[in-house]
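Here the working numbering is used: the first residue of the sequence shown is 182, the next is one more, and so on.
Okay, so here's the structure we're looking at.
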Amino acid sequence: MFQDEKIVETRICRHCRANFDITDKDLEFYEKVSPVFPLSQPFPPREKGVEEDILLNGGGTKGGVLFLGNGKIKYLIPPPTLCPDCRQQRRLSFRNERKLYKRKCDFSGKDIISIYSPDKPYKVYEQKIWWGDKWEALDYGKDFDFSRGFFEQYEELIRKVPKINFHSHTSNENCPYTNYFVQSKNCYFCFGGGYSENVHYSSLPVSCKDSMEVFFSTNCENSYEISHSKNCYKLFFSDNCNECSHSYFLDSCNGCKNCFFCYGLSNKDYYIFNKKSSKEEFETIIKNLFPLKKEVILEMNNFIKNIPILYSRIVNSENCFGDYIYNSNFAINSFNIDGGENIKYSNTIIKEIKNVCDCFGSGINLENIYEVMTGSIQLYNVIFSSIVRENSKYIFYSFDINNCSNCFGCVGLRNKSYCILNKQYTKEEYEKLVPKIIEHMMTPPKSPSIEGESGAIVKQGEQEWGEFFPSSLSPFGYNETVANEYYPINTPPIPHPIPQKEKGNNSCLFSFSLGGKDAGKADRGTFNWSTYEAPFPKVDKIIPASKLPENIADIPDDILNWAIECEVTKKPFKIIKEELAFYRKHNLPIPRRHPDQRHLDRMSLRNPRYLYTRNCDKCGKEIQTTYAPERPEIVYCEECYNKEVY
């Protein structure tokens with residue numbers, strides 16, 4: 182919070198019971214993005230700027246409106262009832278990023294790769310069909326029923342409208358096992374990002390080439406096991422580096438080459454443990470580095486603990502609090518932001534973004550965005566929605582929308598305007614009906630719960646207006662989504678029946694304690710859960726990871742016909758031809774862990790997406806950082822860190 186930002190209310194999260202603040206700037210934002218309609222209700226005349234609660238249908242107080250003059254009224258979005266963490270958890274439960282399955286296209290019968298497991302009760306179409314003209318999403322349109330809640334009706338629409346099999350771009354070439362991936366070639370098991378070639382087992386690589394196990398990195402080539410790095414070549418087992426090459430086990434280095442086990446160096450050549458070495462010494466160490474042992478990685482971790490660490494990575498930015506923020510202004514409690522202005526409680530959004538709050542996985546020219554899970558390219562005033570694409574504006578409570586405007590409660594529409602629950606209306610009809618639906622959502626009637634009887638995030642009769650979709654509407658199990666990476670469970674699920682699910686759908690509802698939350702909080706919620714297990718391909722044999730030769734030179738070609746049993750999860754996984762060639766080229770060991778476990782290992786090394794108040798260990802200045810005060814690292818403010826490093 183900034184000095185000129187004032188707390189106007191402290192609320193208790195109705196999910197985890199944590200306190201969270203509402204500021205005057207928050208209220209200004211909610212008012213800015215609230216929808217405006219012609220004044221069609223028989224309200225008495227009001228002066229411009231008058232704000233009040235309204236009474237409707239003979240009931241109690243329904244909510245706030247703002248009379249704008251000129252015959253227009255704004256339906257104010259109320260402050261949230263969940264804390265920022267619980268709001269993000271709810272959004273993330275709608276994003277299946279990494280779980281891919283084989284199934285049939287429900288239109289053509291063709292075998293396809295999909296983010297929807299074959300047991301789920303949805304029609305799933307391959308990309309060519311879904312984007313084509315052989316079906317029409319408006320055919321599934323329905324009238325709004327004012328005797329029932331909005332979410333209940335919307336859940337029925339989500340079930341009926343066909344889903345696209347995954348969200349990679351149709352411009353990709355030979356990238357079938359990817360998701361949220363664009364304009365790439367010969368990539369395998371990559372998620373988020375794009376513009377890459379010959380990249381495997383990576384998350385959010387951008388413009389990378391001939392690399393593996395890349396995480397959140399840009400313009401890197403012939404690299405392995407790197408994260409948050411840019412413009413690097415032949416960089417291995419390194420984090421937070423820029424323009425580094427021919428190096429191993431670096432962290433927070435810039436312009437370095439031929440370095441080993443170094444932290445915080447700039448423009449150095451032939452350094453080992455932050456000390457100058459000879460070319461001969463460096464080459465000897467690299468020659469003897471393999472086969473790589475766990476003790477080597479542990480040695481790097483212990484080395485870093487004794488070196489001052491920068492409190493946060495905020496570059497070319499002003500008035501920002503968070504981590505990995507670049508070229509931005511006024512980004513608060515946000516992470517992985519590049520090119521943003523007035524951003525709050527958001528994560529992983531890039532390029533020309535303005536006035537955005539509670540958003541994840543979005544980018545490229547966005548403005549006035551609130552509670553959105555995945556939006557891309559030229560979006561304006563998109564609210565409470567998931568997966569909204571190019572040139573869309575004034576979208577509310579919608580899912581999988583492309584090039585649309587003025588849509589409310591829609592699913593799978595393309596190139597449409599003035600639609601409600603996938604039914605086409607005229608502009609005049611739309612502007613009269615949507616306000617009535619909003620008023621109805623302010624206190625919906627009690628009706629059969631769509632979430633079962635236990636612990637629903639949105640209970641019967643509770644206000645729906647101002648809330649993102651309840652997680653039970655997600656077409657994915659919680660354990661299939663990014664939510665389980667950020668907020669993993671720590672107790673087994675307790676099943677509850679899902680009403681109206683079709684037979685054969687191996688999903689259930691469960692209550693649990695959130696692993697990422699304070700154990701003392703009342704953090705019980707209701708989410709979907711998937712128990713589907715995909716069949717494993719037939720292989721010649723399965724070999725335990727412990728039986729693998731440590732030296733890549735001792736690995737036979739026959740490994741391509743085997744499966745390896747993960748040393749952690751015991752889940753089998755295969756090695757593909759391109760992968761084996763990469764390991765041999767760079768003298769790297771065969772991995773002992775399943776790709777999903779390797780991803781979780783990288784996630785576990787990231788700091789939490791949460792800010793703590795602590796003091797600089799050098800000057801005592803108060804700082805906002807992702808390093809908790811009780812952690813052992815030596816954390817410096819930017820001024821002290823720069824003096825130490827440069």
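Glycine residues also receive a C-beta, built at the ideal position from the N, C-alpha and C atoms.
Because the structure is a prediction, the values reported are computed rather than measured.
- When secondary structure is reduced to three states using DSSP, His427 falls in the strand class.
- Assignment of Tyr791 by DSSP, reduced to helix, strand and coil, places it in the coil class.
- When beta bridges are read from the DSSP output, Trp312 appears opposite no residue.
- Secondary structure of Ser579 (DSSP, three-state): coil.
- Per DSSP, the continuous alpha helix (DSSP H) segment holding Tyr335 begins and ends at 331 to 341.
- Residue pairing by DSSP places Arg192 opposite Phe201 in a beta bridge.
- DSSP places His780 within a helical segment (H, G or I) once states are collapsed to three.
- Leu416: member of the beta strand (DSSP E) spanning 414 to 420, first to last residue.
- As a beta-bridge residue in DSSP terms, Ala744 pairs with Ile723.
- Counting C-beta pairs with one atom in each stretch, the region 272 to 290 and the region 652 to 665 have three or more that are closer than 8 Å, which means they touch.
- Put simply, of Phe454, Tyr297, Asn709 the residue whose alpha carbon is nearest the alpha carbon of Leu281 is Tyr297.
- In terms of Cα proximity to Trp311, the closest of Phe577, Cys286, Cys413 is Cys286.
- Beta-bridge annotation (DSSP): Met622 is not paired with any residue.
- Cβ-Cβ distances below 7 Å link Met481 to Phe430, Phe442 in the same chain, with the five nearest sequence neighbours on each side left out; the list follows chain order.
- When secondary structure is reduced to three states using DSSP, Ile467 falls in the helix class.
- Taking the CA atoms as reference points, Lys344 sits about 33 Å from Cys194.
- Under the DSSP assignment, Glu666 falls in the alpha helix (DSSP H) whose first and last residues are 664 to 667.
- Tyr361 carries a coil assignment under DSSP once its states are collapsed to helix, strand and coil.
- Closest in alpha carbon position to Thr707, among Ile188, His196, Glu186, Thr191, is His196.
- Residue pairing from DSSP places Cys538 in a beta bridge opposite Lys525, Tyr551.
- Bounds of the beta strand (DSSP E) holding Glu378 are 378 to 387.
- Under the three-state reduction of DSSP, Phe763 is assigned to helix.
- Per DSSP, the unbroken beta strand (DSSP E) holding Glu406 starts and ends at 405 to 408.
- Of all alpha-carbon atoms in Ser711, Ala744, Pro616, Asn500, the one lying nearest the alpha-carbon of Ser727 is that of Ala744.
- Taking each of Phe396, Phe454, Phe463 in turn and checking the Cα distance to Asn487, the smallest one comes out for Phe454.
- Per DSSP, the continuous beta strand (DSSP E) segment holding Lys283 begins and ends at 282 to 285.
- Secondary-structure assignment with DSSP links Ile530 through a beta bridge to Ile518, Ser543.
- Under the DSSP assignment, Tyr452 falls in the beta strand (DSSP E) whose first and last residues are 450 to 453.
- Between Asn788 and Tyr808, the C-beta gap is smaller than 9 Å, which places the two residues in contact.
- The bridge partners DSSP lists for Gln605 are Cys600.
- Collapsing the DSSP output to three states places Gln559 in coil.
- It is roughly 11 Å from the alpha-carbon of Lys449 to the alpha-carbon of Ser458.
- Around the Cβ of Leu479, a 10 Å sphere holds fewer than 16 other Cβ atoms; the residue is exposed.
- Within the DSSP secondary-structure output, Ile345 pairs in a beta bridge with Tyr306.
- Shown here for Gln334: same chain residues with a beta carbon closer than 8 Å to its own, the five before and five after excluded, namely Lys323, Phe325, Asp326, Gly590, Leu602 in chain order.
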